[in-house]
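J.:
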Amino acid sequence: MRKRALTRVPYWRTIVKLPGPFPPETESKRKRALPLPKGSTSAELFVPDSSVVSDVMPSPNFGERNDGRYPDMIVLHYTGMPDVEGALTRLCSEGTDVSAHYVVLEDGRIVQCVPESKRAWHAGAAFWAGETDINSCSIGVEIINRGHDWGYPDYPLRQIAAVIALCRGIMLRHDLPSHRVLGHSDVAPGRKQDPGEKFPWQSLAHSGVGVWVPPAPLSHGGEALKPGASGDAVLGLQEALASYGYGIAANGDYDKATMEVVTAFQRHFRPARVDGVADHSTLTTLQSLMTALAAQNALNGGS
Ligand SMILES: [Zn+2]
């Protein structure tokens with residue numbers, strides 16, 4: 000009875016009237032001014048590469064991509080500064096020597112600072128899968144978040160939705176494979192923690208951005224590899240991490256570099272405990288990742 004009655008009501012009559020009044024125009028997302036002091040940049044305006052960009056705020060900090068490289072990787076960062084104004088000013092001011100192609104605000108707005116064709120200065124000393132000039136082969140995306148030094152808040156959903164939309168476009172434009180979407184901590188594990196263990200890689204992967212496998216549950220007991228350990232098990236761990244792309248020497252010793260890379264792996268894939276100790280859960284998660292990547296590779300016809 001009830002069901003039948005419902006289907007007879009035209010759909011537009013079932014729409015609930017939204018409570019008013021609506022916020023004034025100046026409060027709308029489109030009209031709100033970007034929190035940046037005017038005149039902080041001397042760079043030329045350009046046409047944004049992506050339709051999801053709401054504002055262009057040109058940064059003077061960029062150059063040409065070396066050896067005519069094309070971007071084939073996305074590096075995700077957090078800004079790690081207490082406020083948006085400071086972060087944008089730093090990325091767009093002469094003399095700071097830092098920039099990124101995009102900045103994603105907490106409210107989901109996306110600002111482009113450097114054209115995709117140019118080499119932005121976001122990765123610094125870094126390494127991935129044999130490549131050391133990460134800036135020349137990547138698109139850098141800065142996500143506004145205060146970071147570990149300033150309380151490290153959760154990433155709002157609308158911000159993550161914007162990151163996903165942005166990354167999907169970049170991947171399409173540059174035919175960029177999912178496994179080349181990485182965090183700054185992945186390419187610079189000894190120096191960087193961003194975007195950090197709160198970054199929802201799982202949500203991104205569910206939208207086809209980045210690779211993710213379910214982390215194996217934390218377990219007590221079982222073999223754990225930790226600093227000071229050496230031998231074939233450590234070698235196997237190092238080889239697996241290196242084959243994924245991490246900059247790690249397979250020498251069989253659980254040295255400082257190994258601990259840093261394991262920490263980076265945990266931030267990305269097993270965030271429940273980030274301690275640099277390759278416990279059973281970490282090793283199992285790494286194994287799942289290797290299996291998933293091999294399956295993906297086989298699906299794509301190898302190479
Ligand atoms: Zn970074």
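0 is the number of the first residue of the sequence shown in numbering that gives the first Met the number 0; add one for each residue after it. Glycine included, each C-beta is placed from N, C-alpha and C at the ideal position.
1) Count the C-beta pairs between the stretch 47 to 55 and the stretch 108 to 122 that are closer than 8 Å, then say yes if the count reaches three, no if not.
2) Tell me whether residue 26 sits in a helix, a strand or coil according to DSSP, three-state version.
3) The alpha helix (DSSP H) with residue 109 in it runs from where to where?
4) Taking 8 Å as the threshold (C-beta atoms), are residue 162 and residue 384 in contact?
5) Which residues in the same chain have their Cβ closer than 7 Å to the Cβ of residue 201, if we skip the five residues on either side of it in sequence?
6) Could you spell out where the alpha helix (DSSP H) holding residue 303 opens and where it closes?
7) Identify whether residue 126 lies in helix, strand or coil by the three-state DSSP scheme.
8) Looking only at its own chain, which residues have a Cβ that is under 6 Å from the Cβ of residue 64, when we skip the five neighbours before and after it?
9) Check this for me: beta carbons of residue 168 and residue 77, under 8 Å apart or not?
10) Could you have a look at residue 287 and say whether DSSP puts it in helix, strand or coil?
11) Just to check, is the beta-carbon of residue 197 closer than 7 Å to a non-hydrogen atom of ligand 1?
12) To the nearest angstrom, how far is the alpha carbon of residue 104 from that of residue 144?
13) Looking at the structure shown, is residue 269 part of a helix, part of a strand, or coil, going by DSSP?
T.: Quick look at the numbers:
1) yes
2) Looking up residue 26 in the sequence shown gives position 27. Residue placement at residue 26 is poorly supported in this model, since its pLDDT is 49, which falls under 50; the coordinates still yield a value, given next. It is helical.
3) As a first step, residue 109 is located in the sequence shown; it is residue number 110 there, counting from the start. Element bounds for residue 109: not the alpha helix (DSSP H) but the beta strand (DSSP E), 109 to 111.
4) With the chain running from 0 to 302 in the structure shown, residue 384 is simply not present.
5) On the sequence shown, position 202 is the one that residue 201 refers to. Excluding sequence neighbours, residue 201 sits near 211.
6) Outside the shown range of the chain (0 to 302) lies residue 303, about which nothing can therefore be said.
7) The residue you call residue 126 lines up with position 127 of the sequence shown. Reduced to three states, the DSSP call for residue 126 is coil.
8) In the sequence shown, residue 64 corresponds to position 65, counting from 1. Excluding residues within five positions, the ones whose Cβ falls inside 6 Å are 118, 135.
9) As a working mapping, residue 168 is identified with position 169 in the sequence shown. As a working mapping, residue 77 is identified with position 78 in the sequence shown. Result no, Cβ atoms of residue 168 and residue 77 do not sit closer than 8 Å.
10) Working through the sequence shown from its first residue, we reach residue 287 at position 288. Reduced to three states, the DSSP call for residue 287 is helix.
11) Along the sequence shown, one-based indexing puts residue 197 at 198. No - ligand 1 has no heavy atom lying nearer than 7 Å to the Cβ of residue 197.
12) The residue you call residue 104 lines up with position 105 of the sequence shown. The residue you call residue 144 lines up with position 145 of the sequence shown. Using only the alpha carbons, I get a separation of about 8 Å.
13) Residue 269 sits at position 270 when you count from the first residue of the sequence shown. DSSP places residue 269 in coil when its eight states are reduced to three.
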